[in-house]
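Data block below; observations after.
Protein chains: 2
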Amino acid sequence: MISLGIDVGGTNIKVAAMNEKKELLEVFETTTDVEKGYGLFIRKISNIISDMRKKYKQKLAGCCFAIAGDVDSNNGVLRYAPNLSGWKNKYIKKDIENLSNLKCIVQNDANMAAWGCFIFDLKRKFKNVAVFTLGTGIGGGIILDGKLYCGSSSSAGEFGHMVINYRGEKCNCGNYGCLEAYCSTYSLKKNAIKKIKNLSDYIKKYSMEEKELSPKLLYNAALKGDPVALKLWSEYGVSLGTGIGNVILSFNPDRVVLCGGVSRAARFFMPYVKKRLCEFGIKAPIKFSKIIVSRHYNVGVMGAAAFVFEKR
Amino acid sequence: MISLGIDVGGTNIKVAAMNEKKELLEVFETTTDVEKGYGLFIRKISNIISDMRKKYKQKLAGCCFAIAGDVDSNNGVLRYAPNLSGWKNKYIKKDIENLSNLKCIVQNDANMAAWGCFIFDLKRKFKNVAVFTLGTGIGGGIILDGKLYCGSSSSAGEFGHMVINYRGEKCNCGNYGCLEAYCSTYSLKKNAIKKIKNLSDYIKKYSMEEKELSPKLLYNAALKGDPVALKLWSEYGVSLGTGIGNVILSFNPDRVVLCGGVSRAARFFMPYVKKRLCEFGIKAPIKFSKIIVSRHYNVGVMGAAAFVFEKR
Chain A
1 MISLGIDVGG
11 TNIKVAAMNE
21 KKELLEVFET
31 TTDVEKGYGL
41 FIRKISNIIS
51 DMRKKYKQKL
61 AGCCFAIAGD
71 VDSNNGVLRY
81 APNLSGWKNK
91 YIKKDIENLS
101 NLKCIVQNDA
111 NMAAWGCFIF
121 DLKRKFKNVA
131 VFTLGTGIGG
141 GIILDGKLYC
151 GSSSSAGEFG
161 HMVINYRGEK
171 CNCGNYGCLE
181 AYCSTYSLKK
191 NAIKKIKNLS
201 DYIKKYSMEE
211 KELSPKLLYN
221 AALKGDPVAL
231 KLWSEYGVSL
241 GTGIGNVILS
251 FNPDRVVLCG
261 GVSRAARFFM
271 PYVKKRLCEF
281 GIKAPIKFSK
291 IIVSRHYNVG
301 VMGAAAFVFE
311 KR
Chain B
1001 MISLGIDVGG
1011 TNIKVAAMNE
1021 KKELLEVFET
1031 TTDVEKGYGL
1041 FIRKISNIIS
1051 DMRKKYKQKL
1061 AGCCFAIAGD
1071 VDSNNGVLRY
1081 APNLSGWKNK
1091 YIKKDIENLS
1101 NLKCIVQNDA
1111 NMAAWGCFIF
1121 DLKRKFKNVA
1131 VFTLGTGIGG
1141 GIILDGKLYC
1151 GSSSSAGEFG
1161 HMVINYRGEK
1171 CNCGNYGCLE
1181 AYCSTYSLKK
1191 NAIKKIKNLS
1201 DYIKKYSMEE
1211 KELSPKLLYN
1221 AALKGDPVAL
1231 KLWSEYGVSL
1241 GTGIGNVILS
1251 FNPDRVVLCG
1261 GVSRAARFFM
1271 PYVKKRLCEF
1281 GIKAPIKFSK
1291 IIVSRHYNVG
1301 VMGAAAFVFE
1311 KR
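Those protein sequence lines, which keep their order, are chains A and B. Read in order, the letters of the first sequence are residues 1 to 312 in our numbering. Read in order, the letters of the second sequence are residues 1001 to 1312 in our numbering.
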């Protein structure tokens, strides 16, 4: 039996095929084409399912969507996704099951990343795990007693919008002082522009354009010892440490796992996360929880594929 | 069968006796006498257990301690409690079971208040519940899937020390900007002193002494329409709303329950809690969770007594 994980982003769809031993068989991408409409999207996925059935010459166990947005996982409905504008209250589970006759799960992408970390990084060794996805924004996922915890209306784990600095920076969500307002691709870029006195020199130095003031560029600059980049990562670490501390005090997990693109800069921000955690006064749960960085690049789509095999 | 809940504070011990129908038979208090030592405390509890056996002429089902402090509930050990100084790493469960031959549970007081709210306010009607205890400090307790969630090292639910204002007010725990630094008996008093320009007039007006600048006095002053007191409760509500919002975004519970002495001023701070929650950008879980105030004064010790009857 083969399962499919399907990560749907605003630009690309990433598909992972996995066998029952949880071995990743392949990962490939295709375009989402949001503007062409939801109907075409469903037919595209349905075609991929047909292709995979032919290719692997066996029955598929099911597919699991991982979507950055508000998802009703009980009913398999995409309620709303900021990057998939116009697709509101879409019955993805029903539509795929009707068209492809394949068991379908719809989940939040951070939840599936959390499941991926739990299965592939932690090998199910721990009961309670909190996962932070560090990317364009900050997402969160929670494993409790070895099971995915989605909350009462499938919205648990919104760690990115915990307020860590009441009356602080404006966040994209509309509130002020959210963790994401300090730890996201856009906040890194905004802070970089503030800190770099002579932006054109900086841009020349790293042979880039302003729009490339990305986490990757800031990572590469930090590798070269650039003081502005190092300072930015230290501030990122202090804010992230505050958010991680809040989550540890609430959940008292065995492990906190960081994943997502920006987690690859961990060597620069992790010392500041740890220093920040030492400032928390309630020591027992802080000392108890270990923080690790996921080793897997495709942990979200891998988690989705693995989740198909889970009994629920 | 009768169960005993035993709430141990720095000054008083509160004992509740309960039958299997979860009817409260009696609640009484005695002094803790911390300075007389742990040995005497254990003998005192043991004598109470003997007295209750004689009084109710039946077998006791067990007893459950509720203690404000760091508790290892798996092993029944009080690791540390700020109000019971000197009592570190005390094997309460073992000591009581040896001396009184009675099943003994040791729990954190906020966890037991959460259990009390779940059983007596919510009648187990909801699966996922977050409870805030509003008193001298702020505690928290979590019910997930209808069970008490204590975390991986019995430290979950430390909502009072979530940071809501990074680099904000100093908290008693040593960190800065904790929820408790804004919502506690001492922060209310500190803010009152700051706000009241002519303290002696204010004190005269309410015929009291400065040390009585308590939540109760500020509640009574608010009842009389005192603008300073009303302002203080509005600020309390805004800060508490931030903390509640963070917990809702993390756990996505069905209900949030407020209990503890200060919750009785809810009529003055709740409108500001609700207003604050409207400012959160992630609307779905915020709208989903209803916030209620516990109707029970002794909900902590009642929760402890009820917890004895729970299968675990």
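Don't be surprised by glycine CBs; every beta carbon is placed ideally from N, CA and C. Fair warning: this is a prediction, and the values are worked out from it, not measured in the lab.
Chain B contact for MET162/A (CB, 8 Å cutoff):
yes
Which residue marks the beginning of the alpha helix (DSSP H) containing GLU1097/B, and which one marks its end?
Here the alpha helix (DSSP H) through GLU1097/B covers 1092-1100.
Run through chain A and tell me which residues come within less than 8 Å of VAL1247/B, C-beta to C-beta.
SER250
Would a check of beta-carbon distances place CYS183/A closer than 8 Å to chain B?
no
Would a check of beta-carbon distances place TYR91/A closer than 8 Å to chain B?
Contact of TYR91/A with chain B is not assigned, every C-beta pair being separated by 8 Å or more.
Interface residues of chain A around ASN1165/B at Cβ under 7 Å?
ASN165, TYR166
Proximity test, Cβ basis, 8 Å: CYS317/A and chain B:
Examination of residue 317/A is not possible in this model, given that chain A is present from 1 through 312 alone.
Going by beta-carbon coordinates alone, are SER152/A and LYS1127/B separated by less than 8 Å?
Cβ atoms of SER152/A and LYS1127/B: closer than 8 Å.
Going by beta-carbon coordinates alone, are TYR1166/B and ILE292/A separated by less than 8 Å?
no
Completely contained beta strand (DSSP E) runs for the stretch 58-140 of chain A, where each covers 3 or more residues:
60-67, 70-72, 77-80, 104-108, 129-134
Provide the residue(s) that pair with GLY1005/B in DSSP beta bridges, ordered along the chain.
Secondary-structure assignment with DSSP links GLY1005/B through a beta bridge to ALA1016/B, CYS1064/B.
So which residues of chain A does ASP1070/B contact, with C-beta pairs closer than 7 Å?
ALA284
Would you kindly work out how many angstroms separate the C-alpha atoms of ARG267/A and GLY1086/B, rounded to a whole number?
41 Å
So SER1250/B and PHE132/A are in contact, right, with Cβ under 8 Å, and what is the actual spacing, rounded?
Not quite, the Cβ-Cβ distance comes to about 12 Å (not below 8 Å), so this is no contact.
Give the secondary structure of PHE280/A by DSSP, where H, G and I count as helix, E and B as strand, and everything else as coil.
coil
Whole alpha helix (DSSP H) runs in the stretch 219-298 of chain A with 4 or more residues, listed along the chain?
227-251, 266-278, 283-288
Pull up the distance between the alpha-carbon of GLU180/A and that of GLY1281/B, whole angstroms please.
12 Å
Anything in chain A within Cβ reach of ASP1254/B, meaning under 8 Å, just list it in chain order.
SER152
Helix, strand or coil, according to DSSP, for GLU22/A in the structure here?
Checking the displayed sequence, the identity of residue 22/A turns out to be Lys instead of Glu. Coil, per DSSP.
For a quick check, are the C-beta atoms of LEU134/A and GLY260/A less than 8 Å apart?
yes
Could you tell me the distance, in whole angstroms, from the CA atom of PHE41/A to the CA atom of LYS94/A?
14 Å
Keeping to the same chain, check which residues put their C-beta closer than 6 Å to that of SER1100/B; ignore five residues upstream and five downstream.
Excluding five sequence positions before and after SER1100/B, the CB atoms of its chain that fall closer than 6 Å to its own CB belong to SER1046, ILE1049, given in chain order.
For GLY1174/B, return the contacting residues in chain A, with the cut-off set at a CB-CB distance below 7 Å.
GLY281
Residues of chain B with a CB under 8 Å from the CB of SER85/A: which are they?
Residues of chain B passing the Cβ test: none, with the nearest at roughly 17 Å.
Does the contact criterion of 3 or more C-beta pairs under 8 Å hold for the stretch 1201-1210 of chain B versus the stretch 1171-1187 of chain B?
Contact fails: fewer than three Cβ-Cβ distances are below 8 Å.
Please check the pair PHE1269/B and GLY1237/B, which I expect to be a contact at CB under 8 Å, by giving their CB distance rounded to whole angstroms.
3 Å
For VAL247/A and SER1234/B, what's the separation of their Cα atoms in angstroms?
27 Å
Comparing alpha-carbon positions, which option in TYR56/A, LEU240/A, SER294/A lies nearest PRO271/A?
LEU240/A
Mark ARG1295/B as exposed unless 16 or more other C-beta atoms lie within 10 angstroms of its C-beta, in which case mark it buried.
Under this definition ARG1295/B is an exposed residue.
In the structure shown, what three-state DSSP assignment does ASN47/A receive?
helix
Under 8 Å between C-beta atoms, does ALA156/A make it to chain B?
yes
Between the C-alpha atoms of THR1011/B and ILE1067/B, what's the straight-line distance to the nearest angstrom?
12 Å
Along the beta strand (DSSP E) that carries LEU148/A, what are the first and last residues, could you check?
147-149
DSSP state of THR185/A mapped onto helix, strand, coil:
helix
Less than 8 Å separating the beta-carbons of VAL301/A and ASP7/A?
Their beta carbons are under 8 Å apart, which means VAL301/A touches ASP7/A by this criterion.
Going by beta-carbon coordinates alone, are ALA81/A and MET1/A separated by less than 8 Å?
no
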